Amino acid sequence: MVSPTMALLDRLGLQHPIVQAGMGGGTSGAELAGAVSAAGGLGTVGIMVDPQEMHDQIVRARTLAPGRPMAVNLLMPFVSKSHVQACVDAGADCVVLFCGFDAGLVEHLHAAGLLVLQQVGTRAQAARALHDGADGLIAQGIEAGGHLLGVEPALEFLPKALDVAGDRPVLLAGGIAEAEDVRRALDAGAAAAVAGTRFLLTEECAAHPAYKQRVLGATDTIETLLFSVAWHQRHRVVPNAATRRWCRGSRLGPGPVRALNRIAAPLLRRLPPMLSASALSMQRRSLPFYGPASILRGMDERLVEITPLYAGETAGRIGSIVPAAQAVHELAGA
Ligand SMILES: Cc1cc2nc3c(=O)[nH]c(=O)nc-3n(C[C@H](O)[C@H](O)[C@H](O)COP(=O)(O)O)c2cc1C
Numbered sequence: 127m128v129s130p131t132m133a134l135l136d137r138l139g140l141q142h143p144i145v146q147a148g149m150g151g152g153t154s155g156a157e158l159a160g161a162v163s164a165a166g167g168l169g170t171v172g173i174m175v176d177p178q179e180m181h182d183q184i185v186r187a188r189t190l191a192p193g194r195p196m197a198v199n200l201l202m203p204f205v206s207k208s209h210v211q212a213c214v215d216a217g218a219d220c221v222v223l224f225c226g227f228d229a230g231l232v233e234h235l236h237a238a239g240l241l242v243l244q245q246v247g248t249r250a251q252a253a254r255a256l257h258d259g260a261d262g263l264i265a266q267g268i269e270a271g272g273h274l275l276g277v278e279p280a281l282e283f284l285p286k287a288l289d290v291a292g293d294r295p296v297l298l299a300g301g302i303a304e305a306e307d308v309r310r311a312l313d314a315g316a317a318a319a320v321a322g323t324r325f326l327l328t329e330e331c332a333a334h335p336a337y338k339q340r341v342l343g344a345t346d347t348i349e350t351l352l353f354s355v356a357w358h359q360r361h362r363v364v365p366n367a368a369t370r371r372w373c374r375g376s377r378l379g380p381g382p383v384r385a386l387n388r389i390a391a392p393l394l395r396r397l398p399p400m401l402s403a404s405a406l407s408m409q410r411r412s413l414p415f416y417g418p419a420s421i422l423r424g425m426d427e428r429l430v431e432i433t434p435l436y437a438g439e440t441a442g443r444i445g446s447i448v449p450a451a452q453a454v455h456e457l458a459g460a
């Protein structure tokens with residue numbers, strides 16, 4: 127019988143069972159995704175505010191990794207028809223859905239020939255994604271960086287996801303920083319390992335250097351709801367001035383602000399463009415209203431104190447910023 131890993135590698139044409147997580151708002155653009163795919167893993171372009179820009183990034187990522195597979199991440203709360211069209215037109219091979227369900231979208235992507243994976247954090251979400259037709263799951267653990275669906279450690283959730291998935295592949299996300307982590311995930315039945323924080327800390331990642339420095343070797347991460355304007359979803363970050371000021375009472379952030387964000391999120395995300403840099407210019411240290419956009423290369427370094435420094439618990443185990451190809455090879459134990 128073909129192992130789940132071999133089946134996935136064959137289906138996508140991967141050399142290594144290593145997937146770079148899509149990181150939105152420009153953090154994982156063409157340069158990172160292209161370098162990962164060129165090195166034999168699966169690179170993922172993150173969602174961007176402007177579908178045309180996302181399209182161009184996918185096309186460029188493909189030119190950086192000719193003949194290699196390329197994935198795109200779609201954050202369901204922010205997805206428009208134009209984003210979906212951009213994935214199809216730019217020739218993505220695989221789409222990873224996160225934070226929302228849409229059976230019609232899965233059908234549409236299948237009809238266009240794309241493989242559809244869905245990241246999930248609970249057994250119920252896994253069942254729903256499979257019911258909607260997803261070709262495979264990414265089982266996210268609570269130790270993961272960025273937005274969280276996971277509610278328990280990845281290796282504890284994995285067997286439950288595998289149980290629901292039947293013969294469809296399950297990839298594991300959360301806690302992947304070294305070859306040993308990948309080996310453990312594969313031994314536990316995962317078809318591949320998905321890493322975000324490890325790839326955040328690469329030369330090609332477009333995150334601001336000051337952000338990367340804060341994450342490098344960070345001894346603490348917190349699960350919060352502080353950066354929830356327009357997207358009310360738990361997220362794991364490295365602490366900064368904003369969390370130190372506003373998460374003193376509760377790590378999740380001030381209760382009334384959370385309540386307001388929860389109610390206002392569906393309305394606010396219809397306004398342009400909540401994931402982008404322009405939203406950042408409205409944020410103040412003295413006001414606990416912060417959106418999900420993180421600080422990119424070239425932006426004002428001071429934003430590092432009031433933007434989400436998404437990172438997983440592996441941050442404390444990652445000691446250097448390396449080229450993405452090196453990260454792929456090290457994770458693969460190659
Ligand atoms: C900086 C950063 C940004 C992220 N952005 C996204 C995103 O836009 N979409 C998504 O599906 N997952 C996102 N994630 C979560 C990843 O898909 C994945 O679950 C996580 O990175 C795994 O944990 P790790 O960071 O410990 O490797 C992000 C993670 C990080 C670290």
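Take 127 as the starting number for the sequence shown in this note's numbering and just add one per residue. Note that the Cβ used here is the ideal one computed from N, Cα and C, for glycine as well. From a predicted model like this one, the values you see are computed outputs, not experimental measurements.
Asked	Found
Thr-153, buried or exposed, once every other Cβ within 10 Å from all chains shown has been counted against 16	buried
Cβ shell of Gln-183 (< 6 Å), same chain only, five flanking positions each side left out	Gly-155, Ala-156 and Val-171
Through-space distance from Asp-426 to Ala-253, alpha-carbon basis	43 Å
Tyr-436 beta carbon less than 8 Å from that of His-361	yes
Asn-199 Cβ short of 7 Å to ligand 1 heavy atom set	yes
Under the three-state DSSP convention, the category Ile-421 falls into	coil
Where Ser-354 falls, given that 16 or more other Cβ within 10 Å makes a residue buried	buried
Phe-227 - DSSP class collapsed to helix/strand/coil	coil
Heavy atom of ligand 1 within 7 Å of Thr-433 beta-carbon	no
C-alpha distance - Val-210 paired with Pro-203, whole-angstrom precision	13 Å
Spatial distance of Ala-191 from Gln-452 (CA atoms)	15 Å
Proximity test, Val-448 beta-carbon vs ligand 1 heavy atom, cut-off 7 Å	no
Unbroken beta strand (DSSP E) run spanning Leu-386, endpoints	Counting along the chain, Leu-386 falls outside any beta strand (DSSP E), though it belongs to the alpha helix (DSSP H) covering 381-394.
Near ligand 1: Met-149 beta-carbon under 7 Å from a heavy atom	yes
Burial state of Gly-150, where buried means 16 or more other Cβ atoms lie within 10 Å	buried
Helix, strand or coil at Leu-342 according to DSSP, with G and I counted as helix	coil
Boundaries (first-last residue) of the beta strand (DSSP E) holding Ile-173	That residue, Ile-173, is in no beta strand (DSSP E); it is neither H nor E in DSSP.
Ile-376 versus Ser-129 - alpha carbon distance	Just to set this straight, residue 376 is Ser in the shown sequence, not Ile. For Ser-376 and Ser-129, the distance between alpha carbons rounds to 45 Å.
Any non-hydrogen atom of ligand 1 closer than 7 Å to Pro-343 Cβ	Before going on, a small fix: residue 343 reads as Gly here, not Pro. No - ligand 1 has no heavy atom lying nearer than 7 Å to the Cβ of Gly-343.
Check: Arg-324 C-beta below 7 Å from any heavy atom of ligand 1	yes
Identified DSSP bridge partners for Ala-197	Thr-170 and Cys-220
Local Cβ density within 10 Å of Ala-444, reported as buried at 16 or more and exposed below that	The sequence as given places Ile at residue 444; Ala does not occur at that position. Answer is buried; the Cβ neighbour count reaches 16.
Limits of the alpha helix (DSSP H) - the one that Val-473 falls within	An answer regarding residue 473 cannot be provided, because it is not within the stretch 127 to 460 covered by the chain.
Proximity test, Pro-153 beta-carbon vs ligand 1 heavy atom, cut-off 7 Å	This sequence places Thr at residue 153; Pro is not what is there. Indeed, a heavy atom of ligand 1 lies less than 7 Å from the Cβ.
Candidates His-236, Ser-206, Cys-225 and Met-196, of which the one nearest Gly-217 by Cα	Met-196
Ligand 1 heavy atom lying under 7 Å from the CB of Gly-271	yes
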